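Right, one structure below, let's go through it.
Numbering (this note's numbering), first residue to last: 181 to 386.
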């Protein structure tokens, strides 16, 4: 469940539009994320980058701070990644793989339940707010991601919507909007968000 445009997101600026896209078929073979496409040292770098991101947000994640975290000189990082964007691509891939796994688990427990999918999506996003925002608030680097990963993340929702892509897009837009507003503290403190989630899902799926 990701942006439909084919941008690389190299500017690092929030995207003006983050409308989702879903695959044209109701089911394709899942393509699990393959961390072994990275060297062991590259995986260490990505793990350190994720720690920085989760702790302090994307503004703190630079090649210099990453090198400091690893106890190395910044130029050493460029032996493994050409720039910070390449590191961010790996973090986005992790987010897609982990959120896909969370949605698949919810689907397995309660097949066809949009409420279960929404709860899993919200729970994951709130547990990893900086990672979620990194992956969803800028154009998706689609061509740089592992093949099939984006589709895998979208398929549980598409199946719950009986293959209706427009309904799946609308539902994803609602869930993403709710999560994003909650992460950024845009709801009043007394807002009953659980009730708002239920009302929104019922409106889309009467």
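Glycine included, every Cβ here is placed at the ideal spot set by N, Cα and C.
All figures in this text were calculated on a predicted structure; none of them were measured in a lab.
Confirm the yes/no value for this check: CB of residue i, any heavy atom of the ligand NAP, distance under 7 Å.
| i | result |
| --- | --- |
| residue 301 | Judged by which ligands are present, the structure shown has none, so any question about the ligand NAP falls away. |
Alpha carbon to alpha carbon, what distance is there between residue j and residue i?
| i | j | result |
| --- | --- | --- |
| residue 320 | residue 273 | 10 Å |
| residue 376 | residue 297 | 16 Å |
| residue 304 | residue 381 | 18 Å |
| residue 374 | residue 366 | 15 Å |
| residue 341 | residue 328 | 20 Å |
| residue 121 | residue 350 | Examination of residue 121 is not possible in this model, given that the chain is present from 181 through 386 alone. |
| residue 276 | residue 372 | 28 Å |
| residue 360 | residue 313 | 8 Å |
| residue 231 | residue 293 | 33 Å |
| residue 331 | residue 343 | 13 Å |
| residue 338 | residue 268 | 27 Å |
| residue 219 | residue 262 | 14 Å |
What do you get for residue i, buried or exposed, if any count of 16 or more other CB atoms within 10 angstroms of its CB means buried?
| i | result |
| --- | --- |
| residue 280 | buried |
| residue 346 | exposed |
| residue 291 | exposed |
| residue 316 | buried |
| residue 318 | buried |
Which of helix, strand or coil does DSSP assign to residue i?
| i | result |
| --- | --- |
| residue 364 | coil |
| residue 321 | coil |
| residue 380 | helix |
| residue 305 | helix |
| residue 373 | helix |
| residue 329 | helix |
| residue 341 | coil |
| residue 316 | helix |
| residue 385 | coil |
| residue 203 | Since pLDDT at residue 203 reaches only 40, below the 50 mark, its modelled position is unreliable, and no value is offered. |
| residue 219 | coil |
Rounded to the nearest angstrom, how far is the Cβ of residue i from that of residue j, given a contact under 8 Å?
| i | j | result |
| --- | --- | --- |
| residue 300 | residue 283 | 6 Å |
| residue 226 | residue 271 | 7 Å |
| residue 237 | residue 310 | 5 Å |
Could I get the ranges of all uninterrupted alpha helix (DSSP H) runs contained in the stretch 228-300, with 4 residues as the minimum, in chain order? Taking only runs of at least 4 residues, the alpha helix (DSSP H) segments lying wholly in the stretch 228-300 are 243-250, 254-257 and 264-289.
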